[in-house]
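Engineer:
Number of protein chains: 2
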Amino acid sequence: MTARRVYLAGPDVFLPEAEAWLARKKAICAAEGFSPVSPLDPLPGEPEAWSALPEWRRIALRNEAHIRGSDALIANLTPFRGPSADPGTVYEIGFMRALGRPVFGYATTALPFVERTLNCLGLSREGVVSDAEGMAIEAFGLFDNLMIEGGIIGSGGVLVVEDCQAAGRWTDLRVFERCVREAARILA
Amino acid sequence: MTARRVYLAGPDVFLPEAEAWLARKKAICAAEGFSPVSPLDPLPGEPEAWSALPEWRRIALRNEAHIRGSDALIANLTPFRGPSADPGTVYEIGFMRALGRPVFGYATTALPFVERTLNCLGLSREGVVSDAEGMAIEAFGLFDNLMIEGGIIGSGGVLVVEDCQAAGRWTDLRVFERCVREAARILA
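Protein chains in written order, with the numbering used here: chain W, 5 to 192; chain P, 5 to 192.
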């Protein structure tokens, strides 16, 4: 059987020495029998016409093509500069979900979405249901916005979260490893 | 010709009296010849089995079905509790983009992503390329994460941003109106 291609979504691309970092994540995937794809990988057969586009458009098109070429997606949902996950990662989860393929998520914190939102807004928990602008605070007891968790669960994937930051919240790989093992088990 | 169905993505669902608010946005769409769909609309023919699911899962599945049933999507990208758009909205943009249909976006601020990110991090502009955790700051001169703008442009849609907050950043409809007119012109 050909190894399943799994796309590694996440703000890991913003880390220093991201290429080397993603090589470590790839090695963990390979050990579980996956063929991992990173957002930094070149796209085989990339259309010649793309060379005329600005870099950001090439990156966007390449990542979309990588996702289309993958069988599953594993997303780093560790909160990024606010209560929620990195928006590029969230976009990619929605994209893969529309393709009808399994999406898995993980995070190195287990603090619920509602608490992270209140912390970000500087509000205390007791009875707060909306922010200073009157916008409701989503409180379904989930880890992030309901579309994200709904998409993951609806796709047949799982969300693995754990306060596990021995090596730092971006560089502790234990929750990622658990998530990859879960993905391997579910997709077996 | 049947009117094109357009899905109204955005954190508008969190506004007080969201139903009445979305009725106003729908009226603007209808005036341009669209058949608007709101995330709060019931889903015709909703599967009976969904009634056993928790509310958040029903909402997620219903919104995905609404998007699949629409010809285009118009997203409110006004920054939401951080430098970026509401994550539910970003998920929906990625979802529609994967379906290959046009996505339009608008926001009531024109401040670029890099400046909003630096403001959020409490950093000054001069020479800053990464945050306190060493994570790079995306600086392509775009309005938000490159996947969002790449998806919109790649889909044939446009992004309309303008500092236009006479009635408040969530309740000024002028940029939305411009975006709906642009969508009508492009899809004509």
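We treat Cβ as the ideally placed atom computed from N, Cα and C, and that holds for glycine.
Using a Cβ-Cβ distance cut-off of 8 Å, determine whether threonine 121/W contacts chain P.
Structural biologist: Judged by the 8 Å Cβ criterion, threonine 121/W is in contact with chain P.
Engineer: On the DSSP bridge assignment, give the partners of asparagine 80/P in chain order.
Structural biologist: DSSP lists Tyr110/P as partners of asparagine 80/P.
Engineer: Cβ closer than 7 Å: which chain W residues qualify as neighbours of aspartate 3/P?
Structural biologist: The requested residue 3/P does not occur in the structure, where chain P is confined to residues 5 to 192.
Engineer: Is DSSP giving alanine 31/P helix, strand or coil here?
Structural biologist: If DSSP states are grouped into helix, strand and coil, alanine 31/P belongs with the helices.
Engineer: Mind listing the chain W neighbours of isoleucine 157/P? Cutoff is C-beta to C-beta under 9 Å, in chain order.
Structural biologist: Arg61, Ala64, listed in chain order.
Engineer: Alpha carbon to alpha carbon, how far is proline 46/W from arginine 66/W?
Structural biologist: Going by the C-alpha atoms only, they are around 8 Å apart.
Engineer: Using the Cβ count rule (16 or more neighbours within 10 Å means buried), how would you classify serine 42/P?
Structural biologist: That one is buried.
Engineer: Please list the partners that alanine 102/W has in chain B, where partner means a Cβ-to-Cβ separation under 9 Å.
Structural biologist: Although the question refers to chain B, the structure presented lacks it and instead comprises the protein chains W and P.
Engineer: Rounded to whole angstroms, what is the Cα-Cα separation between alanine 114/W and arginine 182/W?
Structural biologist: Rounded to whole angstroms, alanine 114/W to arginine 182/W spans 14 Å at the Cα level.
Engineer: How is leucine 65/W classed by DSSP in three states: helix, strand or coil?
Structural biologist: Helix at leucine 65/W.
Engineer: Let me know the secondary structure DSSP gives alanine 143/W once reduced to three states.
Structural biologist: It is coil, neither helix nor strand.
Engineer: Mind pulling the chain P residues with CB within less than 7 Å of phenylalanine 18/W?
Structural biologist: Simply Met139, Ala140.
Engineer: How would you call serine 55/W, buried or exposed, if buried means at least 16 neighbouring beta carbons within 10 angstroms?
Structural biologist: Flag for serine 55/W reads exposed.
Engineer: Rounded to whole angstroms, how far is the Cβ of isoleucine 32/P from the Cβ of isoleucine 97/P, which I believe are closer than 8 Å?
Structural biologist: Contact flag wrong, Cβ pair sits at about 20 Å.
Engineer: In whole angstroms, what separates the C-alpha of glycine 155/P from that of asparagine 80/W?
Structural biologist: Rounded to the nearest angstrom, the two C-alpha atoms are 20 Å apart.
Engineer: Measure how close the beta-carbons of methionine 139/W and proline 106/P come, nearest whole angstrom, since I'm counting them as under 8 Å.
Structural biologist: Their Cβ separation, rounded to whole angstroms, is 27 Å, which puts methionine 139/W and proline 106/P out of contact at 8 Å.
Engineer: Would you identify the three-state DSSP class for valine 132/W, choosing helix, strand or coil?
Structural biologist: Valine 132/W falls in the coil class under three-state DSSP.
Engineer: With C-beta atoms as the reference, is proline 40/P less than 8 Å away from valine 17/P?
Structural biologist: The answer is no: Cβ separation not under 8 Å.
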